[in-house]
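Report on one structure; see the data block that follows.
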Amino acid sequence: MARKEGGMVEGLVLSTSLLLTPTSILLLDEPIREWAQTHRSRRADLLFGGINTLGDGKVHLVGWGSLALLGYVLKDEGMRDFGGWGEVSFLITGTATVALKALFGRARPSVGLGPTAFHPLNLDDDFHSLPSGHTSVAFSAAGYVFARTSNAWVRWSGLLLASGVGAARIYFDRHWLSDVIMGAGIGFSVGYLIGRWRESQDAAL
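Here the sequence shown is numbered in our numbering, starting from 20 and rising by one per residue.
Next up, the structure:
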């Protein structure tokens, strides 16, 4: 019980920190972007290209769905439950992220208008920078896994990979640092809360 309570505190602290951080690091958006763009290389392109795939919505949609389907075929209730609720976490995170992108209408770094250019209620992808979708999806998975396992190695490996996705989005000039942090906060919070809720349901049985 103590381990589960400790994990819950860790998760809540991470969620709160990620959600509150973006407003305090807006001044770092431009310097971080400049540093990332001046340190590009062919090797880094390949590395971040691979990591970037981990935030692709199609990968998560198919991945979680396949896991749930496999659990159904094998009559493995645990696998089906894990995959099914992982899919729910992804869908909620994705829907919220897409809505916020259109609402904020922030210009992507590559557009060249700077980090303070906002054109609210915008359907143009060039103005869908905030929050980062790849990052929110990756952290949704990381938060969900964090909540549903007590294995520290698995937990922190998931967070490390999700952080790599965020770094890739900055590296490829698709997002500002604050976009990435906000996406991480949204994704982790949704995934973690759904995972904790599902674990509490199992514990009540």
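Every residue gets a Cβ at the ideal spot worked out from N, C-alpha and C, and that includes glycine.
Inter-residue Cα distance where the pair is residue i and residue j
i    : j    : result
G131 : S151 : 17 Å
A126 : N71  : 20 Å
D145 : S159 : 24 Å
G206 : R174 : 15 Å
G214 : A121 : 27 Å
S219 : S60  : 46 Å
P139 : I111 : 22 Å
G202 : S148 : 10 Å
G102 : P128 : 35 Å
Y91  : Y211 : 24 Å
N170 : S176 : 10 Å
L89  : L80  : 14 Å
D100 : K77  : 20 Å
R22  : M98  : Its pLDDT being 46, under 50, R22 is placed unreliably in this model, and the coordinates cannot settle the point.
W172 : R62  : 27 Å
E96  : I200 : 34 Å
N141 : G124 : 5 Å
E49  : W195 : 8 Å
Q56  : G113 : 27 Å
When the options are compared against residue i, the one with the closest alpha-carbon
i    : options                   : result
Y163 : F109, W54 and Q56         : F109
G204 : G102, G82, A115 and L73   : A115
L178 : S169, F165 and D145       : F165
E106 : L47, L46, A161 and F191   : A161
G74  : V209, T154 and L93        : T154
V156 : G214, V209, D192 and L140 : V209
P225 : R62, R193 and L142        : In the structure as shown, the chain starts at 20 and stops at 224, and residue 225 therefore has no counterpart that could be examined.
I189 : A87, I51, Y91 and L45     : I51
L46  : E218, Y211, D198 and R217 : D198
W104 : Q56, L86 and L93          : L86
D143 : W83, V117 and T168        : V117
R167 : L119, W195 and R217       : R217
Counting Cβ pairs, one atom from each stretch, are 3 or more of them under 8 Å apart for the region 50 to 67 and the region 177 to 189? Segments in contact, yes.
What residue ranges within the region 88 to 159 form continuous alpha helix (DSSP H) runs of no fewer than 4 residues, ordered along the chain? Here the runs fully enclosed are 96 to 123.
Please give me, in chain order, every unbroken run of the alpha helix (DSSP H) with length at least 4 that falls completely inside the region 158 to 199. Entirely contained in the region 158 to 199, the alpha helix (DSSP H) runs reaching 4 residues are, in chain order, 171 to 190.
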